[in-house]
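In our numbering, the protein residues as written are 63 to 957.
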């Protein structure tokens with residue numbers, strides 16, 4: 063009978079405990095799993111002895127878990143630890159392991175972008191070595207080996223080469239581990255040893271690992287086997303890469319049609335490769351066809367979290383040679399749309415659909431009969447069939463708002479299957495969308511594969527939400543809170559916050575399904591991308607939730623959140639008056655403060671109270687009621703001012719009540735800036751500030767951290783993609799710790815420092831597991847920002863760029879260049895720069911007016927996303943001076 067002794071190196075604090083999770087095959091052939099509590103051995107090791115016979119055959123796979131003092135469970139990073147019992151004759155096995163901290167930088171190098179493209183590991187060295195005759199197995203990971211480099215082991219004993227570099231113990235790769243099996247039965251213990259890198263061809267020693275010698279205590283016996291998982295080889299190396307960010311719709315080529323297409327990614331990859339970049343970052347590419355007008359240009363409001371947007375289809379590739387004649391009539395239209403400075407979303411989409419329908423009529427029979435199409439439908443049927451039905455119903459009802467549909471208002475799987483394959487107009491319309499999604503799938507996969515061949519990874523973007531009029535909400539209403547709207551609290555970029563309009567998530571229900579919907583989203587993303595930006599990462603900790611009857615973000619609150627109980631106000635000496643705290647504070651001075659002499663214009667919307675104050679009439683009690691009222695009136699400056707003034711009055715409150723019991727309350731964000739707060743007495747103001755700061759900055763952190771760790775931990779474990787979090791905004795103190803623990807890359811933006819009191823963040827201070835960037839698609843470009851605030855750019859010029867004197871009025875090419883170089887030299891894993899900021903270094907090529915380069919303005923909820931490159935990718939590839947200059951900066955920075 064075999065026995066396995068597990069020892070894991072881990073220094074715990076009082077109250078923490080370690081567990082061993084083992085997965086094994088039962089005699090019946092089924093797989094079983096057990097989690098076993100380990101014993102504390104000493105300051106260095108925890109141990110467990112496994113003796114149950116039913117566990118001890120075949121291959122035992124295992125990992126360790128840490129139970130913290132608050133009861134939360136943290137798993138170590140997956141690194142494929144296993145024991146192949148059938149290959150080991152020894153009856154007793156001792157396993158010494160190194161805890162694999164999930165947030166270790168080295169683990170990032172085992173994710174998809176590195177393993178598939180950037181750091182492909184050398185092939186394994188033939189069949190695994192036999193355990194026969196061995197007493198010790200040494201295993202170590204070395205993800206940053208260069209081409210023609212291999213590992214070896216050298217040590218103090220004759221069996222380990224006696225430190226002679228000519229006689230090392232040569233190692234071979236088995237999975238992610240470099241392994242050597244040795245017979246140390248006659249060795250003099252303890253044995254000192256180190257791992258070293260050798261040239262695979264010349265067999266010369268290139269270098270030892272850093273640090274002190276490793277030490278192997280104990281004895282060597284042929285009756286036992288010792289397995290050592292030594293973690294990572296100790297090297298100072300840090301892989302660093304650079305990339306460019308641009309939305310697909312912004313790409314411009316001679317062969318596209320007024321908007322970027324998936325096929326254009328190939329040309330962008332050619333250019334990126336020519337300047338030494340290793341990454342292309344895109345915005346979401348999901349279908350957003352909701353209203354059918356330009357407002358659908360917003361890429362974060364998808365009607366399907368899985369379907370690709372038909373606007374990115376390259377029609378020439380669909381037509382091929384056989385149906386190329388169908389496209390001859392569109393050449394004139396192509397040139398017309400391509401000549402536009404910006405995307406005409408409606409014109410492009412309408413014309414593309416016209417041609418797509420012609421191609422579908424010509425090709426449907428042969429495409430549907432193809433094995434490729436059949437396989438695609440079979441593999442994606444769980445979202446593809448409902449999506450096709452949804453599109454058919456949306457078009458036939460002339461709205462994506464399924465709550466208004468006469469038929470199929472409620473999702474029914476059998477009815478949907480019947481609709482898609484019906485021999486009628488709706489069925490034909492549904493099958494058209496199967497056809498389109500198939501070609502989009504082929505084109506995006508082909509473009510990304512081409513980029514990978516060039517040594518470039520393509521980074522996708524997973525939006526935090528989906529449209530409330532989406533196929534996903536139609537199919538899974540239980541997963542969403544449709545009476546709430548997701549957004550962001552007010553900040554420097556949006557004074558009234560942001561209302562994205564998405565329904566918020568029902569995390570309790572998602573947890574009950576094992577986060578299945580999110581896991582499927584990650585799987586779908588992995589069909590095309592190797593890494594991705596996780597939009598609004600803070601939403602996994604807590605979401606800014608706005609009632610459905612309000613419009614701007616000022617009326618939201620964080621969910622989940624621990625409310626303030628009414629007794630807490632009393633404990634602070636606050637006389638809590640429900641009407642005063644929870645209702646809009648409207649007095650004549652407040653009205654004059656908002657509209658000055660125009661204050662009487664607000665009277666028709668108000669009614670007097672007995673105490674002389676005003677209150678909003680019931681017909682104008684919410685921002686949505688106010689918006690609907692003014693939507694029916696002529697557009698004028700006066701009406702716009704009145705609407706905004708009434709919005710302001712609605713939000714002039716101090717707290718929101720939770721439920722209807724009058725016991726629990728949530729603070730209105732920005733409470734101190736309201737006129738309601740300013741009209742309170744000094745004592746009440748002081749006491750409210752104390753509760754307010756506790757509410758927002760202390761009491762919630764533990765709960766938010768636990769929620770995010772559970773959700774993000776489960777999702778990260780479901781994918782091998784590298785996750786880059788968009789952790790901008792009002793960042794809770796718990797966010798960096800959870801991201802660090804899970805190894806999720808942070809986003810460091812120079813103009814959005816996370817440190818209180820800082821004007822800017824210096825790229826040189828970026829952590830390794832991060833992405834540094836001068837700006838994002840939600841911000842103005844470097845050139846645009848430079849002209850927005852003269853005082854700010856002067857400080858930046860003197861303190862960040864370390865230049866004395868007066869700053870240039872415009873962002874001259876040399877200034878733009880200095881900022882980019884600053885980022886390229888940052889210690890962060892990735893430096894990703896917006897394409898517009900890259901072009902800013904060339905005074906001849908860059909666009910004349912920087913204001914025309916803005917992609918999005920977050921403060922404007924109905925913004926038209928239509929920015930296009932001002933030169934074609936073909937032209938860009940011909941600009942040798944720019945390519946050579948940029949390539950030199952990338953190369954010299956070590957990226």
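Every residue gets a Cβ at the ideal spot worked out from N, C-alpha and C, and that includes glycine.
Quick caveat, the model's predicted, so the values are computed rather than measured.
For residue i, the three-state DSSP class (helix, strand or coil)
| i | result |
| --- | --- |
| residue 130 | coil |
| residue 920 | coil |
| residue 597 | coil |
| residue 68 | strand |
| residue 746 | helix |
| residue 569 | helix |
| residue 457 | helix |
| residue 754 | helix |
| residue 218 | coil |
| residue 877 | helix |
| residue 484 | coil |
Which residues DSSP lists as bridging residue i, in chain order
| i | result |
| --- | --- |
| residue 276 | 255 |
| residue 629 | For residue 629, which the question treats as bridged, DSSP gives no partner whatsoever. |
| residue 676 | 648, 670 |
| residue 894 | 305 |
| residue 269 | 259 |
| residue 549 | 561, 606 |
| residue 240 | 202, 235 |
| residue 121 | 146 |
| residue 521 | 343, 593 |
| residue 773 | Beta-bridge pairing links residue 773 to no other residue. |
Identity of the residue in the options nearest residue i by Cα
| i | options | result |
| --- | --- | --- |
| residue 121 | 504, 91, 399 | 91 |
| residue 550 | 225, 609, 152, 658 | 609 |
| residue 545 | 491, 571, 611 | 611 |
| residue 151 | 310, 287, 422 | 287 |
| residue 929 | 791, 918, 922, 939 | 918 |
| residue 863 | 822, 376, 700 | 822 |
| residue 174 | 801, 480, 252, 517 | 517 |
| residue 372 | 568, 358, 241 | 358 |
| residue 879 | 900, 888, 889, 787 | 900 |
| residue 315 | 932, 941, 957 | 932 |
| residue 628 | 722, 617, 542 | 722 |
| residue 236 | 773, 817, 142 | 142 |
| residue 199 | 134, 291, 783 | 291 |
| residue 89 | 97, 592, 921, 118 | 118 |
| residue 562 | 440, 215, 598 | 598 |
| residue 882 | 228, 406, 949 | 949 |
| residue 1019 | 586, 796, 428, 774 | Here the chain covers residues 63 to 957 and nothing more, so residue 1019 does not appear. |
| residue 166 | 144, 183, 139, 149 | 139 |
Cutoff 6 Å; reference residue i; Cβ partners in own chain excluding five residues on either side
| i | result |
| --- | --- |
| residue 295 | 202, 204, 257, 271 |
| residue 506 | 324, 590 |
| residue 69 | 107, 109, 158 |
| residue 980 | Summary: the structure shown does not reach residue 980, with the chain confined to residues 63 through 957, and so no result is reported for it. |
Rounded C-alpha distance that separates residue i from residue j
| i | j | result |
| --- | --- | --- |
| residue 668 | residue 734 | 24 Å |
| residue 105 | residue 840 | 49 Å |
| residue 488 | residue 480 | 10 Å |
| residue 556 | residue 874 | 28 Å |
| residue 132 | residue 830 | 29 Å |
| residue 711 | residue 666 | 14 Å |
| residue 83 | residue 137 | 10 Å |
| residue 245 | residue 212 | 21 Å |
| residue 454 | residue 498 | 13 Å |
| residue 404 | residue 124 | 55 Å |
| residue 538 | residue 381 | 36 Å |
| residue 250 | residue 787 | 50 Å |
| residue 677 | residue 740 | 18 Å |
Proximal residues to residue i (C-beta, below 8 Å), its chain only, five neighbours per side dropped
| i | result |
| --- | --- |
| residue 724 | 628, 640 |
| residue 415 | 372 |
Cβ shell of residue i (< 7 Å), same chain only, five flanking positions each side left out
| i | result |
| --- | --- |
| residue 478 | 447, 448, 451 |
| residue 356 | 407, 408, 926 |
Closer than 8 Å to chain D by CB, residue i
| i | result |
| --- | --- |
| residue 840 | No chain D is present in this structure, which holds just one protein chain. |
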